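**Student:** Got a structure for you, written out below as C-alpha cells; questions coming shortly.
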Amino acid sequence: MTAKKIRPSRTQPVEKKKNLLSGLGIKYVDYKDVSTLKMFLSERGRIRSRRVTGLTVRQQRQVATAIRNAREMALLPYIAER
Numbered sequence: 094m095t096a097k098k099i100r101p102s103r104t105q106p107v108e109k110k111k112n113l114l115s116g117l118g119i120k121y122v123d124y125k126d127v128s129t130l131k132m133f134l135s136e137r138g139r140i141r142s143r144r145v146t147g148l149t150v151r152q153q154r155q156v157a158t159a160i161r162n163a164r165e166m167a168l169l170p171y172i173a174e175r
C-alpha cells in the first residue's frame, strides 16, 4: 500500500473578511445610496461576491437587489465606462 501524501499546513492563518456594512453602521441597504453601492461593484461594473465583500447571506441579497434597482432607475451603470 502506498502512503497518503500529507499536505503541509498553511504558514499564515487566514484572516476573516470584515463586514463592510456593519463597519459603516448600515442596517438597511437603500438603492438611492449610490456611493455605498459602488463599494460592492467591481471596476467592470459587476456585483462582488460574498467571499470578497464579507457580507452575510441576507446582506448580500439586499445589496444585489439594491444595485439592480439603482441600475433600473439609472443611478448606476450596467457596465463600467471605458
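In the numbering used here, the protein residues as written are 94 to 175.
By construction, the Cβ of each residue, glycine as well, lies at the ideal position given by its N, Cα and C atoms.
In this text, all values refer to a predicted model and were calculated from it rather than measured experimentally.
Could you check whether A163 and V127 sit closer than 8 Å to each other, using their CB atoms as the reference points?
**Tutor:** The answer is yes: Cβ separation under 8 Å.
**Student:** Do R139 and Q153 have their C-beta atoms closer together than 8 Å?
**Tutor:** For R139 and Q153, no; Cβs fall outside 8 Å.
**Student:** Can you tell me where the alpha helix (DSSP H) with R139 in it begins and where it stops?
**Tutor:** Counting along the chain, R139 falls outside any alpha helix (DSSP H), and DSSP gives it neither H nor E.
**Student:** I need the boundaries of the alpha helix (DSSP H) containing G116, first residue and last residue.
**Tutor:** Taken as a continuous stretch (DSSP letters only), the alpha helix (DSSP H) holding G116 covers 113-117.
**Student:** Do you know offhand how far S115's Cα is from E174's?
**Tutor:** Going by the C-alpha atoms only, they are around 30 Å apart.
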